[in-house]
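What follows is one structure encoded as structure tokens, with my remarks underneath.
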Amino acid sequence: MDTVISILNSTLRLTTPIAYVTLGAVVLEKSGLNALSMEGVMLSGAFGAVLGSWATGSAWFGVLAAMGCAILVSLLRSYLAIAHQANQTVSGVGLNILAGGATAMLVKVIWGMDGRSDQVVALGDWTIPYVADIPVVGKLLGQQNPLVYLLVPIALWMILLLNKTAFGLRVAAAGEHPEVLSSLGLRVSRYRYLSTILSGALSGLGGAYLSIGQLSFFNQDMTSGRGFMALAACVFGGWRVGGALAGSLLFGFANALQLRLQTTVRYTQFVQMIPYVVTLVVLSGFIKRANAAPAAGGKPYQEQE
Amino acid sequence: MGHMEAGCLDAKPSFHQAADGLGANMGNVIEMCGISKAFGSTQANDGVDFACRAGEVLCLLGENGAGKTTLMKILYGMYRPDAGTISLDGERVSIKSPRDAIRRGIQMVHQHFMLVGPLSVTDNVMIGKEVKSHGLYDRKAAAEKVRALSGEYGLKVPPEKLVRELSVGEQQRVEIIKALYQGARVLILDEPTAVLTPQEVEELFDVINRLRESGKSVIMITHKLKETMAISDRVYVMRQGRMVGQRKTGETSIDELSEMMVGHQVARADRVDSEPGEVILRMEHVALKRKDGGEPLRDVTLEVRRGEILGICGVEGNGQMELAGVLTATAPGWRGEIWYKGKPIRHTPTAGLLAGGISCIQADRQRDGIAMSLDVPHNLMMGYQQTGIFRKHGLLVDWKKIQAASAGVMEEYDVRPPEPRRALGEFSGGNQQKFVVGREMMRRPDLMIAAHPTRGVDIQATAFIHGRLLDLKAQGAGVLLITADLDELLQLSDRVAVIYDGRIVGCKKAGEYQLMELGRLMGGGQSDA
Ligand SMILES: Nc1ncnc2c1ncn2[C@@H]1O[C@H](COP(=O)(O)OP(=O)(O)O)[C@@H](O)[C@H]1O
Ligand SMILES: [Mg+2]
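Quick mapping for you: the protein sequence lines, in order, are chains S and U. Quick note on our numbering: the first sequence kicks off at 11 and runs consecutively. Quick note on our numbering: the second sequence kicks off at 964 and runs consecutively.
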């Protein structure tokens, strides 16, 4: 029983950062920009969180700084893709490399250490009264990081935003057939930039959870492929919020399993591969998807003047 | 080329007086005066005047590339004119974007539909002007609005269905509903009939009549003369960027309009009766089952002789496309017997059929006929890769030869602009089609399968393609002509077979059919005989 609870518990903790970034990937991809840059954006978020918390002494300012950093970095990439029709695969991968290098360098500049920042104030857990006292459920949901709890309202809000608002409709059109928006006199770039900002903010939350939620410092390349797992989860979920969250749960579980097995198996390297193998399987299309990618996704679009 | 003294019909006043230029026509909803627009070195519009009244159905007639779409896109705010003025209700306006045009009640249904496939009909209609309640988009109320509009104008579409699941005709109705919902007083339709079956054209015309009755103006871009005569009140004719004139539909004729459009008389290619030779293709009880259980071909028995054109007519979706698929070995798994030049072709692959002298003008040229993103030489080579004619040393591609052949085809088939470096996607549909016809003729086929050979092609090019098909027949090849255009069918075919629900339901000499009888057979009814 305890084993199950502990696996579930770590699943929840490991799912949360991927889930935020997955939501970011969904909205970005829906608007017609590919989400290959999530890794770099998430890493910038993780870095921003530590920087913010270190500078102000408040973990919540750290969270804001995480969102700010991630938004800026996302906007840089989207600007290249939208205003200059840059190849999105190249600019996405380039951004990941840039973020990896820049954060490592800044760590060295600011804290004078290789690859690791100072300890900063971390986000404290929230305890939910009464729930914490319920036997099994309490252990799981009674005491968790605030960002774990926040995931639920944010996910619901995202479902509403993408499916039940004019904005969501237009984002979908921007990703499927941008000429439709142009022919109605709406600006495609507006919806792509707004989606970028939203996506950056969400990925920033995911990054913040990694650095000041689970830990209290920044570590070089600490996202270790989670941004790509988020992209895989988005594909797995057919570009829908619900499905994508299920996808991130799959990766969270794979990670939890991997951690658990590490303590019992001899060749841990193979066990550590599990989440990445799942990523590969999902991205290479072994799993049949009902939903196809947004038709105009990743393609440069030149707006008429 | 910005300033043009010449080119305007009536002496063009300066821009300041332009609004009075058509002053006699009070009650014009739209007046466009002296509109010019150049794309690079192409003068797409050259001092064009145009006016439209309320409750009027106008046809804007012209060959491909005459500048019709450009003129209307200027009105719709998608292009800014280099010169000229636009007035709405007698008032000078500047239309900077489609948003401006929409606000003023002008709507355009584009040649390539502006619809989002994975979204529902309702969503597509609503984009840009969503019905809201409590700040959220209210799909239910929106669907009601769509239903109301669809009822009012007789535009039948299911509001909940995804657009990608609709037929082309239904998609067009969605576009019209969308235009009406966005508040159209003036509706521009760009070549709306190019993609429709004859029945759908009838339905569209009913809708246009209702729009006219409700006081809306409809501007229909077309190059089809019969349709122009059938639906319009007035006709504008454009040629090479200029407005050559306007006529009241009741006071003109097809011949006059055709001459205005082309600039001279068009010689029609007509069938020459000849004695057909040996049988080149024989199909017996051919049937085809798809994996999903559909049975597009049930029982096809026919033969094509050398020196004859066999026309296949039928409402789209009754097996014509699969028939072409079977004969090019692209629809595997058929049953029955097929002999080509006396030999069974059950196991012959496509390359073998091509090498054996079968050419095919595909119905869906952009999907099956060409690669849109490749240039002319690459496209020219397609279907000839496995033959030796474009190789040197038996292995390498002989680009010199291909380039020469490309230039030859473009010249002979008048593919414009004559720039082989361009990707096929940059040519207009008519020019793509001419290219495909040229490429397939280059094989000097013994059997030509021509599916909709003149779809989307203008009058001159149509006459030209018809001429080539007749030449082919005269040279002793057999032609299987699949078309939805009854005029074309009866003009070219020696014999006509009617296909309905995957069966050949009638086959006799073209002259022996009554038009009504053909229509009945196509609809699944009985023959007269
Ligand atoms: N966006 C564009 N860029 C360059 N050339 C164009 C563009 N649109 C139209 N043209 C050219 O302008 C001419 C008129 O085109 P168009 O208005 O589409 O003709 P139509 O609709 O009568 O067939 C053609 O020669 C076409 O190649
Ligand atoms: Mg046109």
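Just so it is clear, CB atoms sit at the ideal spot from N, CA and C, and this is done for glycine as well. Everything numeric in this text was worked out from a predicted model, so none of it was measured.
Assigned exposure category for residue i - 16 Cβ within 10 Å defines buried
i, result
"U:Q980", "Confidence is the limiting factor: at U:Q980 the pLDDT is only 36, short of 50, which leaves the residue's position unreliable, though a coordinate-based value still follows. Exposed is the call here."
"U:S977", "Its pLDDT being 37, under 50, U:S977 is placed unreliably by the model, and the measurement read from it follows with that caveat. By the 10 Å Cβ count, U:S977 comes out exposed."
"S:M283", "exposed"
"S:T99", "exposed"
"S:S193", "buried"
"U:E1019", "buried"
"U:V1459", "buried"
"S:W64", "buried"
"U:M1479", "exposed"
"S:V275", "exposed"
"S:N265", "buried"
Residue range of the unbroken beta strand (DSSP E) whose run includes residue i
i, result
"S:T32", "It is not in any beta strand (DSSP E) - S:T32 instead sits in the alpha helix (DSSP H) that spans D12 to K40."
"U:M1246", "V1242 to L1251"
"U:K1211", "R1205 to K1211"
"U:L1449", "First-last for U:L1449: L1449 to L1455, but that is the alpha helix (DSSP H), not the beta strand (DSSP E)."
"U:V1263", "L1260 to R1268"
"U:E1279", "Unbroken run through U:E1279: none, as it is neither H nor E."
Minimum C-alpha distance to residue i - residue among the options
i, options, result
"S:R200", "S:Q230, S:Y277 and S:Y311", "S:Y311"
"U:T1264", "U:E1475, U:E1480 and U:V1461", "U:V1461"
"U:R1066", "U:G1299, U:Y1144 and U:L1435", "U:Y1144"
"S:P249", "S:G185, S:T21, S:G62 and S:Q224", "A small fix is needed here, since residue 249 of chain S is Trp in this sequence, not Pro. When each option's Cα is compared against that of S:W249, the closest is S:G185."
"S:S54", "S:A75, S:L255 and S:W136", "S:A75"
"U:V1131", "U:V1158, U:A1105, U:V1242 and U:D1009", "U:V1158"
"U:A1414", "U:L1290, U:K1364 and U:Q1366", "U:L1290"
"S:L157", "S:K309, S:D143, S:N173 and S:A132", "S:A132"
"S:E49", "S:L172, S:V287, S:A165 and S:A240", "S:A240"
"U:N1087", "U:R1043, U:R1055, U:V1137 and U:K1119", "U:V1137"
"S:T25", "S:L255, S:A302 and S:V287", "S:L255"
"S:V119", "S:C244, S:L61 and S:L267", "S:L61"
Identity of the residues DSSP links to residue i by a beta bridge
i, result
"U:M995", "U:F1013 and U:I1049"
"S:W136", "S:Q154"
"U:A1370", "DSSP, once it has assigned bridges, lists no residue as partnering U:A1370."
"U:Y1463", "U:R1466"
"U:Q1579", "What the structure shows of chain U is the stretch from 964 to 1492, and residue 1579 of chain U is not part of that stretch, so it cannot be assessed."
"U:P1307", "U:W1302"
"U:Y1199", "U:L1023 and U:Q1209"
"U:C1323", "U:I1412"
"U:W1297", "U:L1251"
"U:I1069", "U:V1149"
"U:G1441", "U:E1271 and U:L1410"
"U:S1083", "U:L1125"
"U:T1446", "U:C1276"
"U:K1095", "U:Y1100"
"S:N229", "S:R126"
Boundaries (first-last residue) of the alpha helix (DSSP H) holding residue i
i, result
"S:A69", "A69 to A93"
"S:W64", "M48 to T66"
"S:Y203", "V198 to A218"
"S:S192", "P188 to S193"
"U:M1223", "I1217 to V1225"
"U:E1165", "P1161 to E1176"
"U:M1405", "Unbroken run through U:M1405: none, as it is neither H nor E."
"S:I120", "Q98 to W121"
"U:R1055", "That residue, U:R1055, is in no alpha helix (DSSP H); its beta strand (DSSP E) goes E1054 to V1056."
"U:S1180", "U:S1180 -> not in any alpha helix (DSSP H); beta strand (DSSP E) instead, spanning S1180 to T1185."
"U:T1032", "K1031 to L1038"
Check whether the segment 1206 to 1220 of chain U touches the segment 1174 to 1182 of chain U, counting contact only when three or more Cβ pairs, one atom from each stretch, lie closer than 8 Å.
-> no
At a cut of 8 Å, does the segment 1327 to 1334 of chain U reach the segment 1259 to 1272 of chain U through at least three beta carbon pairs?
-> no
So, do the segment 271 to 281 of chain S and the segment 26 to 45 of chain S have three or more beta carbon pairs nearer to each other than 8 Å?
-> no
Three or more C-beta pairs below 8 Å linking the segment 1034 to 1045 of chain U and the segment 1388 to 1399 of chain U = no
Given 8 Å as the limit, is there contact between the segment 36 to 53 of chain S and the segment 209 to 228 of chain S, that is, 3 or more CB pairs closer than that?
-> yes
With a cut-off of 8 Å, do at least 3 Cβ pairs link the segment 1401 to 1408 of chain U to the segment 1364 to 1372 of chain U?
-> yes
Does the pairing of the segment 114 to 128 of chain S with the segment 79 to 89 of chain S give three or more beta-carbon distances under 8 Å?
-> no
Evaluate the contact criterion for the segment 1018 to 1034 of chain U versus the segment 1221 to 1240 of chain U: three or more CB pairs, one atom per stretch, below 8 Å.
-> yes
Below 8 Å, can you find three or more Cβ-Cβ pairs linking the segment 1296 to 1314 of chain U to the segment 1246 to 1260 of chain U?
-> yes
Should the segment 224 to 236 of chain S be regarded as contacting the segment 121 to 130 of chain S, the criterion being three or more beta carbon pairs within less than 8 Å?
-> yes
Looking at C-beta atoms only, is the number of pairs between the segment 1046 to 1057 of chain U and the segment 996 to 1011 of chain U that lie closer than 8 Å three or more?
-> yes
Contact between the segment 1185 to 1200 of chain U and the segment 1147 to 1167 of chain U: three or more CB pairs below 8 Å?
-> yes
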